[in-house]
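Undergrad: Start counting the sequence shown at 1; every next residue gets the next number (full-length UniProt numbering). Following this message is one structure expressed as structure tokens.
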Amino acid sequence: MEKVVVLNQISEYNAANNHTTLHPLVSVIDFSKASVRDWGQSVNRVKFQYGLYCIYLKDVKCGDIVYGRHTYDYQAGTLVFFAPGQVSEFEPPSEPYQPKGYGLVFHPDLIHGTALAKALPMYHFFSYQSNEALHISDAERQVVLDCLSKIEFELNQAIDKHSKKLITANIELFLNYCERFYDRQFISREHVNLGVLAKFEELLNTYFLSEKPQNLGLPSVAYFADALHLSPNYFGDLIKKETGKSVKDLIQNKLIDVAKERIFDGEKSINEIAHDLGFKYPQHFTRVFKQHVGNTPLQYRHLN
1 MEKVVVLNQI SEYNAANNHT TLHPLVSVID FSKASVRDWG QSVNRVKFQY GLYCIYLKDV
61 KCGDIVYGRH TYDYQAGTLV FFAPGQVSEF EPPSEPYQPK GYGLVFHPDL IHGTALAKAL
121 PMYHFFSYQS NEALHISDAE RQVVLDCLSK IEFELNQAID KHSKKLITAN IELFLNYCER
181 FYDRQFISRE HVNLGVLAKF EELLNTYFLS EKPQNLGLPS VAYFADALHL SPNYFGDLIK
241 KETGKSVKDL IQNKLIDVAK ERIFDGEKSI NEIAHDLGFK YPQHFTRVFK QHVGNTPLQY
301 RHLN
């Protein structure tokens with residue numbers, strides 16, 4: 001049986017975890033204070049529908065999270081991030097367990113009109129898949145707990161004109177540290193990242209040697225991310241860290257290189273080449289080519 005849990009209200013989330021609501025739009029959760037979880041023998045899957053921003057640091061093995069098409073073995077010492085509108089599924093253990101760890105949950109209304117609202121789209125890890133969770137060291141864990149402690153300190157103060165600014169500033173500080181830790185993880189997992197980069201280059205090369213451009217159109221970031229079992233944002237950030245260029249730039253560069261080679265083939269018209277590369281309209285191909293090369297495809301053929 002599947003159970004659906006909708007996370008929309010801070011007060012309801014606090015009540016479910018034995019916490020007092022100190023602020024209607026944000027809470028720091030110590031899961032060790034929550035009651036023992038017992039989903040029952042009949043529940044084999046729990047679906048969470050997020051209306052809140054939720055960040056979890058778990059300290060106990062408590063089942064697997066399924067996000068998208070991928071399952072993540074949710075081990076202790078990892079941080080995962082969820083944003084409003086996302087859905088995850090949880091495979092609970094068959095036996096009751098005591099949850100442990102910490103969580104930061106906040107309502108979208110908390111950040112309206114703040115610097116954090118403008119910065120939040122830059123934190124791509126909110127749309128990473130669960131199998132791209134942040135694995136933190138003991139020292140990094142302490143930084144995380146310090147940040148949560150600062151937020152909790154503010155929640156225990158009487159709400160005044162400074163509260164919103166200080167709470168959101170500390171959340172932003174916390175997210176900035178997470179961004180740093182992800183950068184460290186990209187570096188420490190360099191051997192894995194290089195394997196992803198090599199596989200991406202292989203997929204990109206074979207894309208234009210196949211009939212995919214005619215059937216699927218121009219290659220997209222989402223296509224390669226899906227082929228590599230990564231979320232588009234995580235894939236994009238990984239490639240950027242390794243090459244200094246965006247995935248879109250690398251795709252575009254490859255597209256132009258292939259186009260240059262095919263333009264030398266006098267047996268095909270420019271319109272046919274545009275179609276073979278995945279362009280719906282030859283004019284679009286001409287515009288893109290001229291933007292990158294400085295000449296139209298026809299001019300380039302005559303010049304060379």
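Ideal placement from N, C-alpha and C gives every residue a C-beta, glycine not left out.
1) Taking the alpha-carbon positions, what's the residue 19 to residue 35 distance?
2) Which stretch, first to last residue, makes up the beta strand (DSSP E) that contains residue 81?
3) Can you pull the DSSP bridge partners for residue 104?
4) Under 8 Å: do the segment 257 to 277 and the segment 227 to 234 share three or more Cβ pairs, one atom per stretch?
5) Taking three-plus beta-carbon pairs below 8 Å as touching, is the segment 152 to 167 in contact with the segment 206 to 221?
6) How about residue 33 and residue 17: are their beta carbons less than 8 Å apart?
7) DSSP three-state call for residue 3: helix, strand or coil?
8) Can residue 79 and residue 133 be called in contact, C-beta distance under 8 Å?
9) Could you give the distance in angstroms between the alpha-carbon of residue 200 and the alpha-carbon of residue 30?
10) Pop quiz: residue 136 and residue 181 are said to be a contact at Cβ under 8 Å. What is the actual Cβ separation, rounded to whole angstroms?
11) On the DSSP bridge assignment, give the partners of residue 97 in chain order.
12) Give the secondary structure of residue 162 by DSSP, where H, G and I count as helix, E and B as strand, and everything else as coil.
TA: By the coordinates alone:
1) 11 Å
2) Looking at the DSSP string, the run of the beta strand (DSSP E) that includes residue 81 is 78 to 82.
3) 28, 55
4) no
5) no
6) yes
7) strand
8) yes
9) When rounded, the distance between both Cα atoms is 41 Å.
10) 6 Å
11) 37
12) coil
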